[in-house]
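A.B. asks: Supplied in structure tokens, the structure appears directly below.
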Amino acid sequence: PSSPPPPPWWTPTKTFLATLILFSTAGLVWWGVSRSDVYDGLRLRNPEEIKPTPTATITQPVDPLAKYSPAERQRKEKLSDRRQQLGIDFNFYVNLVNQVFWEKNPSLQGRTLSDGPEDESLRTEWDQTAAELLEKLASLSAKARGQLGTYTTAERDRWKVEVNQINVGSRSLYDLGDAAFYRKFPEQRGKNFQNQPIGQVWYGFVSDKLSAILAGSAFQKIVFDQGATGKTVSGTLKSGDGKVFIAGLAKEQFMELKLQANSQILLSVYSPSGKIAFLEDSKQRTLSTKLPESGFYEFVVVSTASAPVDYQLSITAENPTPPPTPTPTPTETATPMPTPTPTETATPEPTPTSTPIPTPTAEVTPQIPD
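According to the working numbering, the residues represented by the sequence shown are 24 to 393, in order.
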């Protein structure tokens, strides 16, 4: 007998299920497209916000170093990497290098070097200047380097307030900043650089010294022991480092100071009000004076040496000795003469006057002549 024909594969049930799946998938696709967001740079945008962008002509970026020799290109790339590693602003960096480069080459002041072979030697010198500056700036903290190019006089005003709170004056702070700055840039001594790019570097060094003072590593308060009239402190200073000491003393006290250190340690001494500088960046090693004010006197030591140096600072202050009370010279006292007692004078009795008794006169007998 013949086999029955196989049932058809598309049964009514399968057809229904396939149709259902097809419509369900289409609905899901439409919902997903209508709800999806497209990430556009830093924000999400809905599809209706997206406007067609005309196709632009693609221009290959020009390598700014392409005209340089492989050696110069490598040198400049190394400088760029070092600058970024130190976190130094590019515009400030260029301005600073230009300033120092022009100071070395005054005849080139304001001139922009070309990328042609005629300026190749000058570009080499510029790059050497840049490399030297970057290494000098590396001694600053990351915080100070990151602010180069942004410091203002408002910063200085804020620093004064901060150090005044621990009885330190701004001159002491600047003494420490100067020592560190001039150690790296001795050619700037005596110049007016505050409003130039190099002035920002000075700000950076002062900022770091402020942090050191507030942290206590560059600051110490001298307190005399009970009953003592003096104190000795000592330490070691690295090249370009310094330390501020303060001591509370009284007006009219007699102060003696002695510093034991080599001549590359400089000493400054300021009165509490800051009006009097007894010594300022001095090589003098002793000081004796009667104090004009009461308050915290400041003693600053900084090192200009190229290697670590030791120092010992001794301070004594004694109250003025009161003048001795003069011993009175005994005065000879005159013995008073006794006042004579008045003697009553007796009134003399009158002497009775005697009545003379007449002497009888003898009768003369006449003689009869014979």
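The beta carbon of each residue, even a glycine, is placed where N, CA and C say it ideally should be.
#1: Quick check on the burial criterion: 16 or more other C-beta atoms within 10 angstroms. Buried or exposed for L192?
#2: Is it true that the CB of Q223 sits closer than 9 Å to the CB of T173?
#3: Would you give the residue range spanned by the alpha helix (DSSP H) that V117 belongs to?
#4: Please name the residue or residues paired with S337 in a DSSP beta bridge.
#5: Is it buried or exposed, K232, if we count other Cβ atoms within 10 angstroms and call 16 or more buried?
#6: Does the beta-carbon of D333 have 16 or more other beta-carbons within 10 angstroms, so that it is buried, or is it exposed?
#7: Pull up the CB-CB distance for I269 and K298, whole angstroms please, since I reckon it's below 8 Å.
#8: Under a three-way DSSP split, which group does F204 fall into?
#9: Within the same chain, show all residues whose beta-carbon is closer than 6 Å to that of S230, passing over the 5 residues directly before and after it, in chain order.
#10: What is the residue span of the beta strand (DSSP E) that V324 lies within?
#11: Within its chain, find whatever has a CB closer than 6 Å to the CB of L136; leave out the 5 residues flanking it on each side and keep chain order.
#12: Which two residues bound the contiguous beta strand (DSSP E) that contains G310?
#13: In angstroms, rounded to a whole number, what distance separates the CA positions of Y320 and K159?
#14: DSSP three-state call for F268: helix, strand or coil?
#15: With T152 and F124 assumed to form a contact (beta carbons below 8 Å), what rounded beta-carbon distance in angstroms separates them?
#16: Tell me the DSSP secondary structure of Q243 in three-state form.
#17: Which residue comes first and which comes last in the alpha helix (DSSP H) that contains A238?
#18: Answer yes or no: do S234 and L272 have a C-beta to C-beta separation smaller than 9 Å?
#19: Does the stretch 106–114 come close enough to the stretch 204–219 to have 3 or more Cβ pairs within less than 8 Å?
#20: Using only the alpha-carbon positions, how far apart do R179 and L199 sit?
#21: Quick check on this structure: which residue in K266, T312, P140, N342 has the alpha carbon closest to the alpha carbon of Y91?
C.D. replies: Concretely, from the data shown:
#1: Here the sequence assigns Gly to residue 192, which means Leu is not the residue at that position. Looking at its Cβ environment, which holds 16 or more other Cβ atoms inside 10 Å, G192 is buried.
#2: A distance below 9 Å separates the beta carbons of T173 and Q223.
#3: Its alpha helix (DSSP H) spans residues 113–127.
#4: S337 is bridged by DSSP to T255, K281.
#5: Buried, by the Cβ-count rule.
#6: With fewer than 16 Cβ atoms within 10 Å of its Cβ, D333 is classed as exposed.
#7: Distance from I269 to K298 at the Cβ level is roughly 16 Å; contact not present, criterion being Cβ atoms closer than 8 Å.
#8: Reduced to three states, the DSSP call for F204 is helix.
#9: Once the five neighbours on either side are set aside, the close Cβ partners of S230 are A167.
#10: DSSP places V324 inside the beta strand (DSSP E), whose first and last residues are 318–326.
#11: So the list reads D142, L145, R146, once near-sequence residues are dropped.
#12: A small correction: the amino acid at residue 310 is Leu; Gly does not occupy that position in the sequence shown. Per DSSP, L310 belongs to the beta strand (DSSP E) from 309–313.
#13: A straight line joining the alpha-carbon of Y320 with that of K159 spans about 34 Å.
#14: Note: F268 maps to strand in three-state DSSP.
#15: T152 to F124, Cβ: 5 Å. Contact.
#16: In the structure shown, Q243 sits in a strand (DSSP, three-state: E or B).
#17: That run of the alpha helix (DSSP H) goes 220–238.
#18: Not in contact: S234 and L272 (Cβ atoms no closer than 9 Å).
#19: The stretch 106–114, when compared against the stretch 204–219, does not touch it at the 8 Å Cβ threshold.
#20: Each residue's Cα considered, the two are about 14 Å apart.
#21: Y91 has its Cα closest to that of P140, out of K266, T312, P140, N342.
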